[in-house]
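Protein chains in written order, with our numbering: chain P, 2 to 184; chain X, -15 to 314; chain R, 2 to 502. By construction, the Cβ of each residue, glycine as well, lies at the ideal position given by its N, Cα and C atoms. The structure displayed is predicted, hence computed values, not measured ones. Comments concern the structure below.
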Amino acid sequence: MTIVRSPMTVVMLLIFTLMVGVASTYPPDARFMPFVVGIPAITLCLLQLFLDWRSKETEISADHRSEMEKAEERVSKMVGYKVDFEVARDAPDVTIIENSDEVAHNREFMIWGYVLSFVIGILVFGFWIAIPVFIAVFLNREAQYSPLKALLYALLGGGFMFAVFSFGLKLRLHPGFIADWFF
Amino acid sequence: MNHWTKYIVTALTFGALTNGAEAQSGVDFFKGKTVTYIVATAPGGGYDSYGRLVAEFMQRYLPGSTFVVRNMPGAGHLIGANAIYASKPDGLTIGTFNTGLIYNQIVGQEGVKFDLTKMSWIGKAASDPRVFAIASQSPIKSWKELLDQKTPVNFATAGVGSASYVETVMLTNALKLPIKLQTGYNGTDDQLAMRRGEIVGSIASRSSYDQFVKNGFGRYIVQIGGKDTDVPQLSSLVTDPKGQELVALVQSQGDIARLTAGPPGIPADITAALVGAYKQAMEDKDLQQRAEKLERPVEPLYGEDVLKAVKAALNQKPETITLLKEALGK
Amino acid sequence: MIDVMFGALGAMLSNPKTMGLMFVAVLIGLVVGATPGIGGRLSIALAIPFVFGMEMTQGAVFLLTMHAVNGTSGQISSIMFGVPGDGDDAATTIDGHPMAKKGEAGRALGASITASGVGGIIGAIVFAVMIPVLEPVVLAFSPAEFFLLAILGITFIAFLAGKGQIFKGIIVGLFGMILATIGMDPTSGIARFSGNYLFLWDGLSVVTAVLAIFAVPEMISLAAKGGSISAVSIENSSVSYRQLFSGVMEVPRHWFLALRTSIIGAMIGMVPGLGGSAAAWLCYGHAVQTSKTPERFGHGAVEGVIAPETASNAKEGGSLLPTLFFGIPGSSGMAVLMGAFLILGIQPGPAMFTTHLDLVWTLIWALVVGNLIAVSLLLFITRWVAVLTFINGAVLVPFILVLVTVGAYANEGQWENLLILLAISFIGWGLMRFNWPRAPFVIGLVLGKIAEESLHKALGLWGMSFFTRPLSLVLIGLICATIALAIYTNMRGKSAMPAGV
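Structure, rendered in structure tokens:
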């Protein structure tokens, strides 16, 4: 488990080493501050790596299961036999389903996919196209909204923001690279 | 009339009509169009306020047009200037930036993606002469007293490479002034430093110091350019020819303030329409009043005249360019 | 003096046009301020054309109120969504958002909004009180003191790292500081780490960095985990005026802290040159340092919300002072405001305080009354707005991400900032996943820049002897005391924040 703790330390070490390396090509005045900050940082990263390696701490046994699994266990104890819950996803009063930590950690990669696609969409197609598309797709796939409902919210949201930013503040939001490529 | 006369008269009339129509077409072109006026600074502040003023009034004199101000701050006006230069030369994008970019171009700084001599010049609105401002606590009351200083006095400039730094270094070196530079004073940092007594003086634009001097916190000992008569002109106090050239270069800075320009290659009739609207805007009493409230009264130059001034400023002798390059640390 | 004071107030309150303008200004300021990244400068710049025709007092009141209130509404998204509007708000996010996650959004907002109001009012009072002694106080702070103040703030990083995490905390802080070196170095004219990338020449955009470190990882985590922002269901918490009220009452409960941080904030505002976020972070650090139970911070300690909010609002009142008295703006927002004042015919300078004292008092009152109006409005709508923390996160996340990207872009108008946003979000996400502290990053980023610039100026002016100035010695003493205290508390086992904040 000690390996798990190290990746961030390694990343930090790499960043600092890279920046100090680039800074060493600068004249003395310019490289002063990066050195003063970067070199102690590299030292600390190495120290931290050492601590990570030496660390025999076992993972704190926190309960990483989801609320639903914990509730299942409580009710099972109460009634004396194993109980399995199943909740209809769009039952009206139901509070939202939470995932266990492990599932959540894996899903984060997928969510990153959304974020990356959204930003690329903004860069290529501009804000006013990317915003409604992103909202609609996300609501549809993650919040289980029907396509029509998702689209409606997307257009409403996009329209509202357009009104405030474009009309109200007269802000020009990135129109996307296709505007340059084709017009 | 005989056959030939009729022909000639028709031809002449037709020619006159189409000529008039061409001039008219320049202005007509803007009906229903949106002109983007790029300001190379963040919103608020001198360039932005002036830019918005110009945009508002030019819109009035190009009927049917809509002027939209777009802020493109960053890299000391370089980002905005580059953007103006690279935009489509259809007359629908113009803007304003710091005249100090002349220095950047002369020296060939990286990041400069424009050639000021090629831009389509609309005009400049004001003069903003440079002054030597001295803190009121300092005993220095005149140019001669400054020259007589035995130990170098602290002068504040903005960061290394900025227009204020370049001008101060050049003038100090060329005129052998007893000045020690303290760099890194941006915005009005230098005024506060003068109040604290750390800094004795600064070479700055008059518009940024007028309020300070009015409040009795400082005084001007010499001025470069401009029509104000309350302060002696540096050009009259400098005898060395190299020094005089340098002073002329700095003066060109102050003379061409609050400029408006567009990318190279805008069709002549459209440029003419823009210059015409700009001229009418500058002559508008409303604008003149507002400009005075903003900082400097209107002292305009239009189109070709500005280009001439810019070309002259960019055309420097090699020694001056070397001086500049040294000043910028290259 | 007294009759001028209250005369000005009376004149302002009894003029319906002035009050009307103030109300409009409050509304505009709140709306513009609520979105991350969109600064107050823009709203003032847009308002300037309208100001040309206004009568002097009314125009000044309008603009000042709009500016003062602009910083107040950013706390809503900071607390509820963990999306700070700028470096200031990031300090509120550290403890405010965890409160929302515990279902206490109403309480957090009640406390922070009230703290803003109180801070703004105390800031105005400090302004009024300091008028006679302003000059010597402001002029006592030179680059030497700025440098040491920045270092003092940076030492607070040591307090913000959790138990056994002090190295990680300092590493993250140093990371912020080294990122602050990106851009055109004023000392040498070299564009550090930015080469031909002009958009980096002015340094990393603080708004983008702050959104990337805090907001994006939070949203990713929320979307992946499912559920709502509040881990506690809506029935178990109480989103009602009662919860709001309990938040409001937290401020009087911590009245001494609120008073101290307001005064510190106002004083920092009064001295131009220390920069915007410094006030909020220095006071946050102060709150952690002076608390008997520092381990609660980062987990939802209400003092962690009160301290930065009072400070950043008090700073506005403070920064008005050098602006009016010297004609030297106390902050970049004040610089724009001052330009507008000149248009209105107001001539800042010492003369103002003798010939136009009634105008000065009108402005002070405008700050006070404007703050009160803003606070009342915000408290009123909070009741409904706080409910959002109980909604399914999957619905909120896309809208918030839209605001984050718009904010990151609109801040400087550069699309490249979106790429920076992605890059730093990635690191922020890594920090969150591996339980590294994130708060030190902002401190390093904000204060690192000030530290370097001031150090350079101080050395240029006095050489190494700048340490021996009297005020500098006091600050050095404070820094040593702070470090000693940090080591002491860390060795005793108690430390400020648990992992992962």
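At least one C-beta of chain R is nearer than 7 Å to the C-beta of Leu172/P. When rounded, the separation of the alpha-carbon atoms in Arg274/X and Gln207/X is 25 Å.
In the pairwise beta carbon analysis, the region 81 to 89 of chain R is classified as not touching the region 370 to 385 of chain R: fewer than three pairs are separated by under 8 Å. Around Val208/R, the same chain offers Gly38, Asp87 and Asn412 as residues with beta carbons nearer than 6 Å, after the five sequence neighbours per side are excluded. Thr10/P counts as buried, since no fewer than 16 other beta carbons sit within 10 angstroms of its beta carbon. Among the residues of chain P, none has a CB under 8 Å from the CB of Val376/R; the nearest is roughly 23 Å distant. Counting only residues of its own chain and dropping the five nearest sequence neighbours on each side, Phe178/P has a CB closer than 6 Å to the CB of Val125.
Taking Ala308/R as the centre and dropping the five residues before and after it, the same chain places the C-beta of Thr262, Cys284, Tyr285 and Ala288 closer than 6 Å to its C-beta, in chain order. For the region 128 to 140 of chain P, the beta-carbon criterion of a distance under 8 Å to any beta-carbon of chain R is satisfied by Phe128, Ile132, Phe135, Ile136, Phe139 and Leu140. Comparing alpha carbon positions, the residue from Glu103/P, Ala72/P, Glu143/P and Ser101/P closest to Tyr115/P is Glu143/P. Ala140/X is the residue among Ala140/X, Ile90/X and Tyr204/X whose C-alpha sits nearest the C-alpha of Gly461/R. By the rule that beta-carbons nearer than 7 Å mark a contact, Phe200/R touches chain X. The beta-carbon of Val396/R is placed less than 7 Å from the nearest beta-carbon of chain P. Not one beta carbon of chain R lies nearer than 7 Å to the beta carbon of Met42/X. At a Cβ-Cβ threshold of 7 Å, Gly449/R and Ala213/R do not count as neighbours. According to DSSP, Asn55/X shares a beta bridge with Val23/X. Distances from the alpha-carbon of Phe17/P to those of Val130/R, Ala116/R and Gly177/R put Gly177/R closest. Each of Gly48/X, Arg190/X, Asn138/X and Ile90/X was checked against the Cα of Ile183/X, and the nearest Cα belongs to Asn138/X. Inclusion of Ile152/R and Leu379/R in the CB contact set at 7 Å is not warranted, their separation being larger than that value. DSSP assignment within the region 94 to 177 of chain P yields the following whole alpha helix (DSSP H) runs of 4 residues or more, N-terminal first: 102 to 126, 128 to 143 and 148 to 162. For the region 108 to 144 of chain R, the continuous alpha helix (DSSP H) assignments of 4+ residues that do not extend past its boundaries occur at 135 to 140, in sequence order. In the DSSP assignment, Val91/X falls within the unbroken alpha helix (DSSP H) covering Leu85 to Val91. Between Pro273/R and chain X, the shortest Cβ-Cβ separation is below 7 Å. The closest CA to that of Thr18/X, considering only Val150/X, Lys164/X, Thr50/X and Met56/X, is found on Thr50/X. In this structure, Val115/X keeps its C-beta atom at 7 Å or more from the C-beta atom of Arg54/X.
For Glu182/X, the nearest beta carbon of chain R is closer than 7 Å to its own beta carbon. Scanning the region 162 to 223 of chain R from its first residue to its last, the whole alpha helix (DSSP H) runs of 4-plus residues come out as 167 to 181 and 207 to 211.
In the DSSP annotation of this structure, Glu56/R is not part of any beta strand (DSSP E), being labelled neither H nor E. Along the length of the region 175 to 228 of chain X, whole alpha helix (DSSP H) runs at least 4 residues long occupy 190 to 198 and 218 to 221, reported in chain order.
Judged by DSSP in its simplified three-state form, Phe139/X adopts strand.
Boundaries of the alpha helix (DSSP H) around Gly260/X: Ala252 to Glu267. Tyr262/X places its beta carbon 7 Å or farther from that of Met56/X. When secondary structure is reduced to three states using DSSP, Lys164/X falls in the strand class. At a C-beta separation below 7 Å, Trp437/R has these neighbours in chain P: Met9. Partner residues in the beta bridge of Asn393/R, as assigned by DSSP, are Ser229/R. Counted as a single uninterrupted DSSP element, the stretch harbouring Pro247/X is not any beta strand (DSSP E), since DSSP gives it neither H nor E.
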